[in-house]
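Just so you know, the numbering used here puts 151 at position 121 of the sequence shown, and the rest follows in order with no gaps.
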Amino acid sequence: SMGRDVRARGVHILLGPAVNIIREPQGGRNFDYLSEDPALAARMATAIVIGIQSQGVVATVKHYAANNQETSRNTVNAVVSERALREIYLPAFRAAVQDGHAWAVMDAYNRVNGSYCTANEWLNNTVLKKEWGFQGLLMSDWGATYDTLQAANGGLDLEMPKGKYLNPEKLKPLIGA
C-alpha cells in the first residue's frame, strides 16, 4: 500500500523504511522504526522493501547505522563493537539489501566509531557495498555530509538535499581535473 500510495502521487522514491533498532525510549524517530528485536526488524524490513519496490517505487532504507538517539544526533559518536553492530544494529539493513534488494540506502547523521556515517569507509564500502553486494544508491540524510574528500572516499554517492560538498567545484581539484 505504501508503494501504491507513493506511485499514485507521481513520486518515484520513498524515503523509507526506517529500520534502526529502538534502543532508547526518547529516540526521536522511534515511531518510524520497526522493532527492538534485530530478527523481527530484518524480516519486516525485507517485506516492506519488496512491497514498495513491487510498485516500481525506490525504497530507501534508513538511517544507516546505529542512529538511536535524538540528543546531539548530528554529532554523536556511537561507539559500538563490530559484534554488536553485526548482531544488533545491521541485520535489518543487511536483510533489506540482500533479501529485499533495496535500491537505495540513506546514511545517518551520526558518527559510528569516530567516522560520520556519510564518510564511514567500513560501513559504506566494506560492509554495504563489498560484503553485502549493494549496487544501489547510497545517499546522505538531509545535511548529513560534512566533508568532500571523506564522503567521496567513504562511498557516498549522493549528497542531499544539495551538493554542498559533493559537487564538481569541490571534487575536480581532488581528482586533478
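Ideal Cβ placement from N, Cα and C applies to all residues, glycine included. Since we're looking at a predicted model, the values are computed, not measured.
Can you tell me where the beta strand (DSSP E) holding K92 begins and where it ends?
For the purposes of this step, residue 92 is identified with residue 62 of the sequence shown, where counting begins at 1. That run of the beta strand (DSSP E) goes V88 to Y94.
Grab me the residues of A108's own chain with a C-beta within less than 6 angstroms of its C-beta, minus the 5 sequence neighbours each way, in chain order.
Numbered from 1 along the sequence shown, position 78 holds the residue referred to as residue 108. Counting only Cβ-Cβ distances below 6 angstroms, and skipping sequence neighbours, we find A96, N140 and V142.
Helix or strand or just coil, what does DSSP make of D35?
Here residue 35 corresponds to residue number 5 of the sequence shown, with the count starting at 1. DSSP places D35 in helix when its eight states are reduced to three.
Alpha carbons only, please: which of D129, Y146, L201 and A38 is nearest the one belonging to V79?
Here residue 79 refers to the residue found at position 49 when the sequence shown is read from its first residue. For V79, the nearest C-alpha among the options comes from D129.
Hey, could you find the ends of the alpha helix (DSSP H) L179 is sitting in?
In the sequence shown, residue 179 corresponds to position 149, counting from 1. Run containing L179: T178 to N183, per the alpha helix (DSSP H) assignment.
Pair within 8 angstroms by beta-carbon distance, V106 and F164
Position 76 of the sequence shown, counted from the start, is the residue given in the question as residue 106. Position 134 of the sequence shown, counted from the start, is the residue given in the question as residue 164. No.
Could you give the distance in angstroms between the alpha-carbon of I118 and the alpha-carbon of S111?
Numbered from its first residue, the sequence shown carries residue 118 at position 88. Numbered from its first residue, the sequence shown carries residue 111 at position 81. So the alpha carbons of these two residues sit roughly 10 angstroms apart.
For R51: DSSP bridge partner residues:
As a working note, residue 51 is residue 21 in the sequence shown. Per the sequence shown, residue 51 should be read as Ile rather than Arg. According to DSSP, which records beta bridges pairwise, I51 is partnered with S65.
Per-residue burial, E66 [other beta carbons within 10 Å of its own, 16 or more giving buried]:
Numbered from 1 along the sequence shown, position 36 holds the residue referred to as residue 66. Counting Cβ neighbours within 10 Å, E66 comes out exposed, since fewer than 16 surround it.
Range of the contiguous beta strand (DSSP E) that encloses L167
The count along the sequence shown starts at 1 and reaches residue 167 at position 137. From DSSP, the beta strand (DSSP E) with L167 extends over L167 to S170.
Given a threshold of 16 other Cβ atoms within 10 Å of its Cβ, counted over all protein chains shown, does G33 qualify as buried or as exposed?
For the purposes of this step, residue 33 is taken as residue 3 along the sequence shown, with counting starting at 1. It counts as buried.
Y94 and D137: beta carbons closer than 8 angstroms?
For the purposes of this step, residue 94 is taken as residue 64 along the sequence shown, with counting starting at 1. For the purposes of this step, residue 137 is taken as residue 107 along the sequence shown, with counting starting at 1. Yes, they are a contact pair.
C-alpha gap between A75 and K92, whole angstroms
As a first step, residue 75 is located in the sequence shown; it is residue number 45 there, counting from the start. As a first step, residue 92 is located in the sequence shown; it is residue number 62 there, counting from the start. Roughly 10 angstroms separates the two Cα atoms.
From the DSSP secondary-structure annotation, give me the bridge partner or partners of Y146.
Working through the sequence shown from its first residue, we reach residue 146 at position 116. Y146 is bridged to R141.
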